[in-house]
Structure formats: structure tokens, C-alpha cells
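Working notes, beginning with the structure itself.
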Amino acid sequence: MNPTNHTDSVIEEHLRECDECAREGLPAALLNEQLRAATVPVDPNLLSRRAWPALGAALAARAADNLRRRAARGVLLSLLPLAAVLAYDVWVLQVLHSFLDSIFPSQLATWIVVNYAAAIVLLLGATYAAIPLLVARQTAPPLEVHR
Ligand SMILES: [Zn+2]
Numbered sequence: 003m004n005p006t007n008h009t010d011s012v013i014e015e016h017l018r019e020c021d022e023c024a025r026e027g028l029p030a031a032l033l034n035e036q037l038r039a040a041t042v043p044v045d046p047n048l049l050s051r052r053a054w055p056a057l058g059a060a061l062a063a064r065a066a067d068n069l070r071r072r073a074a075r076g077v078l079l080s081l082l083p084l085a086a087v088l089a090y091d092v093w094v095l096q097v098l099h100s101f102l103d104s105i106f107p108s109q110l111a112t113w114i115v116v117n118y119a120a121a122i123v124l125l126l127g128a129t130y131a132a133i134p135l136l137v138a139r140q141t142a143p144p145l146e147v148h149r
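Residues 3 to 149 (this note's numbering) are what the sequence shown spells out, left to right.
Pasting the structure below:
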């Protein structure tokens with residue numbers, strides 16, 4: 003419904019229902035015309051400039067909370083298969099150690115396997131550390147704050 007018609011209908015409805023206004027002869031046509039002519043100049047850019055400083059901090063806090071929740075959910079979901087991954091890695095390291103033990107001296111085989119295990123631990127750590135960064139990248143960029 004357009005606002006002009008709404009104003010007209012509100013005034014006409016009131017005239018039908020209110021005895022006092024009907025008795026006084028409320029100038030409905032004049033009121034409608036004046037209400038239609040009454041406009042308030044609105045500068046959207048000025049309103050934005052005033053609103054952004056007030057909203058910026060709240061939006062940033064909300065975005066940070068959202069990012070924290072999503073990152074925590076991502077890390078928790080990625081921890082689910084971790085036990086199976088670790089068990090598989092231990093099995094692979096045992097097979098590798100027994101294979102290398104048959105070729106090289108025992109201390110060299112152990113050294114190679116420990117270094118390989120350290121590399122796997124480093125990769126796993128880097129993977130879990132990257133989850134919050136990936137979540138942050140997927141999140142929409144923060145709105146530009148106009149000052
Ligand atoms: Zn009235």
C-alpha cells in the first residue's frame with residue numbers, strides 16, 4: 003500500500019468514527035495535501051557517516067564471535083578422525099621401522115623413523131593450525147567502515 007493512500011484512508015476512517023471531528027468539519031482534503039507535501043530531506047550519506055562509527059565496533063565484535071565459533075566447530079570436527087589417523091601413522095611407522103631395520107643398522111633405522119614421525123607431527127600440527135585461517139578466509143570480508 004502506498005503511504006499517501008494509507009494517510010488518506012486513516013484520516014477518512016477517523017472522520018467516519020470520530021463524532022467530534024465530524025462535527026468540527028475536519029479539513030481532510032487540506033490535511034491530506036499538507037501531509038503529502040511535507041517531506042523531510044534525508045541525506046543517506048550523512049546518515050551512513052553517523053551510523054558507521056556506532057555500528058562498527060558492534061559488527062566487528064559480532065564477526066569475531068562468529069569466527070571463533072566457526073573455527074572451534076571446524077577444529078572439533080577435524081579432531082574426530084584424528085585417532086584413526088594416528089593409529090594408521092603408528093602402524094605405518096612400525097612397518098617402516100621393521101623394513102629399514104632389515105636393511106640398515108638398527109640405530110639408523112630408528113633415526114630415520116623418528117625423523118619421519120617428527121615430520122608427520124609437524125604436518126598434523128600445521129594442518130590443525132590452518133583450520134582457523136581457512137575458516138576466516140571462508141567468512142565474508144568485514145564491511146567497509148566509512149569515517
Ligand atoms: Zn477526531
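By construction, the Cβ of each residue, glycine as well, lies at the ideal position given by its N, Cα and C atoms. Because the structure is a prediction, the values reported are computed rather than measured.
Please go through the same chain and pick out, in chain order, the residues whose beta-carbon is closer than 6 Å to the beta-carbon of residue i, but skip the five residues on each side of it.
{"i": "Val87", "result": "none"}
{"i": "Val44", "result": "none"}
Suppose the cutoff is 7 Å on Cβ atoms and the five residues either side in sequence are ignored; what does the same chain contact list for residue i look like?
{"i": "His16", "result": "Cys23"}
{"i": "Ala56", "result": "none"}
Note down the Cα distance separating residue i from residue j, rounded to an integer number of angstroms.
{"i": "Gly127", "j": "Pro46", "result": "49 Å"}
{"i": "Glu35", "j": "Ser50", "result": "31 Å"}
{"i": "Gly27", "j": "Leu48", "result": "42 Å"}
{"i": "Leu95", "j": "Asn117", "result": "11 Å"}
{"i": "Ile105", "j": "Arg72", "result": "48 Å"}
{"i": "Ala74", "j": "Val97", "result": "35 Å"}
{"i": "Ala30", "j": "Leu61", "result": "46 Å"}
{"i": "Asp10", "j": "Arg52", "result": "34 Å"}
{"i": "Ser100", "j": "Ala121", "result": "19 Å"}
{"i": "Val2", "j": "Ala85", "result": "Past the boundaries of the shown model lies residue 2; the chain is included only from 3 to 149, so the question cannot be answered."}
{"i": "Ala119", "j": "Tyr90", "result": "12 Å"}
Could you give the first and the last residue of the continuous alpha helix (DSSP H) run that contains residue i?
{"i": "Ala60", "result": "Pro46 to Leu81"}
{"i": "Ala40", "result": "Ala40 -> no alpha helix (DSSP H), and no H or E assigned at all."}
{"i": "Pro134", "result": "Ser108 to Gln140"}
{"i": "Leu102", "result": "Leu84 to Ile105"}
{"i": "Cys20", "result": "Premise fails: Cys20 is in no alpha helix (DSSP H) and is neither H nor E."}
So, is residue i buried or exposed, given that buried needs 16 or more other C-beta atoms within 10 angstroms?
{"i": "Val42", "result": "exposed"}
{"i": "Ile133", "result": "buried"}
{"i": "Val115", "result": "buried"}
Ignore the nearest five residues each way along the sequence and tell me which others in residue i's own chain have a CB closer than 8 Å to its CB.
{"i": "Leu110", "result": "Leu102"}
{"i": "Val77", "result": "Tyr130, Ile133 and Pro134"}
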